[in-house]
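Using the working numbering, the letters of the sequence shown correspond one by one to residues 100 to 210.
Ideal Cβ placement from N, Cα and C applies to all residues, glycine included.
A short worksheet on the structure shown next.
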Amino acid sequence: QVYPLVCQTRVWLLSIGFTLAYGAMFSKVWRVHRLTTKAKADTLKKIEPWKLYTMVTGLLVIDIVLLAAWQVYDPLQRRIEVFPLEDPISTDDDIKIRPELEHCESDNNNV
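Shown next, in the form of structure tokens:
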């Protein structure tokens, strides 16, 4: 019952974290590029921080729209892959081990 929520949360956190981290670095590199490539007369003009925040927010909005569309049209579900029974390594009991592997999958991709 909880595993599909874990699947979705993991994807959202990874994607939004990546966008925030690399979006912030990209906006700072863009600011340095703009300051170093402008003509000398324009160097007194500062790039306001709100422009950088707007750039990162724009990237974040695009990310959220794509994630929401993915979650609505092809949500991740729990799939269990069952392997053949195995004998335990060091026991004389009459038991078998049934290995199972849980996956987060949707119809069109695997995570």
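Beta-carbon proximity check, Y102 vs R197, cutoff 8 angstroms: Within the sequence shown, residue 102 is the residue found at index 3, counting from 1. Within the sequence shown, residue 197 is the residue found at index 98, counting from 1. No, they are not a contact pair.
Could you check which residue in R109, K150 and E185 has the C-alpha nearest to that of G122? Residue numbering aside, residue 122 sits at position 23 when the sequence shown is read from its first letter. Of R109, K150 and E185, the residue nearest in Cα terms is K150.
Below 8 angstroms on the Cβ atoms is my contact criterion, and I expect L166 with L119 to pass it. Report the Cβ-Cβ distance as a whole number of Å. Reading the sequence shown from its first residue, position 67 is the one you call residue 166. Reading the sequence shown from its first residue, position 20 is the one you call residue 119. Contact check for L166 and L119: beta-carbon distance about 13 angstroms, past the 8 angstroms limit, so the pair fails to qualify.
Just to confirm, are M154 and S126 a CB contact at a threshold of 8 angstroms? By 1-based counting over the sequence shown, the position of residue 154 is 55. By 1-based counting over the sequence shown, the position of residue 126 is 27. The answer is yes: Cβ separation under 8 angstroms.
Under the three-state reduction of DSSP, which class applies to R197: helix, strand or coil? Within the sequence shown, residue 197 is the residue found at index 98, counting from 1. R197: coil per DSSP, three-state reduction.
With distances taken between CB atoms, is the gap from Q107 to L175 smaller than 8 angstroms? Counted from its first residue, the sequence shown places residue 107 at position 8. Counted from its first residue, the sequence shown places residue 175 at position 76. The answer is yes: Cβ separation under 8 angstroms.
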